[in-house]
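As structure tokens, the structure follows; a few thoughts come after it.
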Amino acid sequence: MRRLFSSFARGWPGGGLLFIRIVAATALLDQAVNELRRGGLSESAALAVCAASAGILLLAGLWTPIAGALVVGVEVWSAFSQPGDPWTYILLGSIGAALAVLGPGAWSIDARVFGWKRIDIRDRQG
2 MRRLFSSFAR
12 GWPGGGLLFI
22 RIVAATALLD
32 QAVNELRRGG
42 LSESAALAVC
52 AASAGILLLA
62 GLWTPIAGAL
72 VVGVEVWSAF
82 SQPGDPWTYI
92 LLGSIGAALA
102 VLGPGAWSID
112 ARVFGWKRID
122 IRDRQG
């Protein structure tokens, strides 16, 4: 993951990425729960499970590039296969693509696990 992002944004940009992750994850989970409540094991139920999984990963900030790419795939597929207005799917897919490219920010599991570490080397003379 460190190869994908030179740094994990802190401060206001990091807060903005956290906010975007929370909003996207909430929308994905809501979309998935509503789809699963409609019932039945079908293609849309499988998409709902994938969307819920991606939403949980985004909420935690874990494997954000993979989760963002999964969101893009699920939402593009949903936009073409589901009846009705495709703009919600397009919006969520765009947010997923942005998160996959920008990264999760400093307040994420990715930053804790894959972020830069500081190593203090003590002076031997001390």
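The opening residue of the sequence shown carries number 2 in this note's numbering; numbering runs sequentially from there. Even glycine gets a Cβ: it sits at the ideal position worked out from N, Cα and C.
Between the alpha carbons of LEU18 and VAL102 lies a gap of roughly 11 angstroms. Per DSSP, ARG22 is one residue of the alpha helix (DSSP H) stretching across 12-38.
For ARG113, the enclosing alpha helix (DSSP H) begins and ends at 110-115.
With the rule of 3 Cβ pairs closer than 8 angstroms, the region 90-108 counts as touching the region 59-67. Assigned with DSSP and collapsed to three states, GLY56 falls in helix. Distance from the CA of LEU93 to the CA of ILE120, rounded to the nearest whole angstrom, comes to 39 angstroms. The Cβ neighbour count for ILE96, taken over all protein chains shown within 10 Å, is at least 16; the residue is labelled buried. Of the residues LEU71, ASP124, LEU100, ALA112, the one whose Cα lies closest to the Cα of PHE20 is LEU100. Each residue's CA atom was taken as its position, placing VAL75 and GLY40 some 19 angstroms apart.
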